[in-house]
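Scroll down for the structure; my scribbles are underneath it.
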């Protein structure tokens with residue numbers, strides 16, 4: 001993986017990036033991988049997440065894709081379980097996902 005002038009070192013760390021398939025999520029996932037983190041890409045659209053995985057892997061990074069619906073608590077719990085099963089831990093959590101176009105404003109559940 002290309003690591004010019006690394007700002008910080010995340011070797012051995014595990015980063016879960018929710019909505020890491022495009023835009024800021026993709027950029028964040030790639031940056032974390034470049035700094036040495038193993039990245040778990042969690043997204044509803046598995047193909048878009050696979051595109052990000054291919055970018056990370058092409059640079060020598062390590063990543064996995066976990067399909068999940070962040071509006072469903074059980075789906076999120078399953079994604080966390082898969083991340084822990086794959087890498088044994090989670091050190092970093094990045095939630096870039098937004099649901100503004102999918103649900104009414106100010107409706108939150110799951111405590």
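Numbering (UniProt numbering), first residue to last: 1 to 111. Where is the CB? At the ideal position from N, CA and C, for every residue including glycine. Predicted model only: the values in this text are computed from it and were never measured.
Identify whether residue 43 lies in helix, strand or coil by the three-state DSSP scheme.
Three-state DSSP puts residue 43 in a strand.
For the stretch 33 to 44 against the stretch 10 to 18, do three or more pairs of beta-carbon atoms, one drawn from each stretch, fall closer than 8 Å, so that the two count as touching?
The count of Cβ pairs closer than 8 Å, one atom from the stretch 33 to 44 and one from the stretch 10 to 18, reaches three, so the stretches are in contact.
C-alpha distance - residue 79 paired with residue 42, whole-angstrom precision
Cα-Cα distance, rounded: 7 Å.
Could you name the residues of the same chain whose beta carbon sits closer than 8 Å to that of residue 46, not counting the 5 residues immediately before and after it, in chain order?
Counting only Cβ-Cβ distances below 8 Å, and skipping sequence neighbours, we find 65, 67.
Does the distance from the C-beta atom of residue 52 to that of residue 21 stay below 8 Å?
Against a cut-off of 8 Å, the Cβ pair of residue 21 and residue 52 comes out as a contact.
Could you check whether the Cβ of residue 42 sits closer than 8 Å to any Cβ belonging to chain B?
No chain B is present in this structure, which holds just one protein chain.
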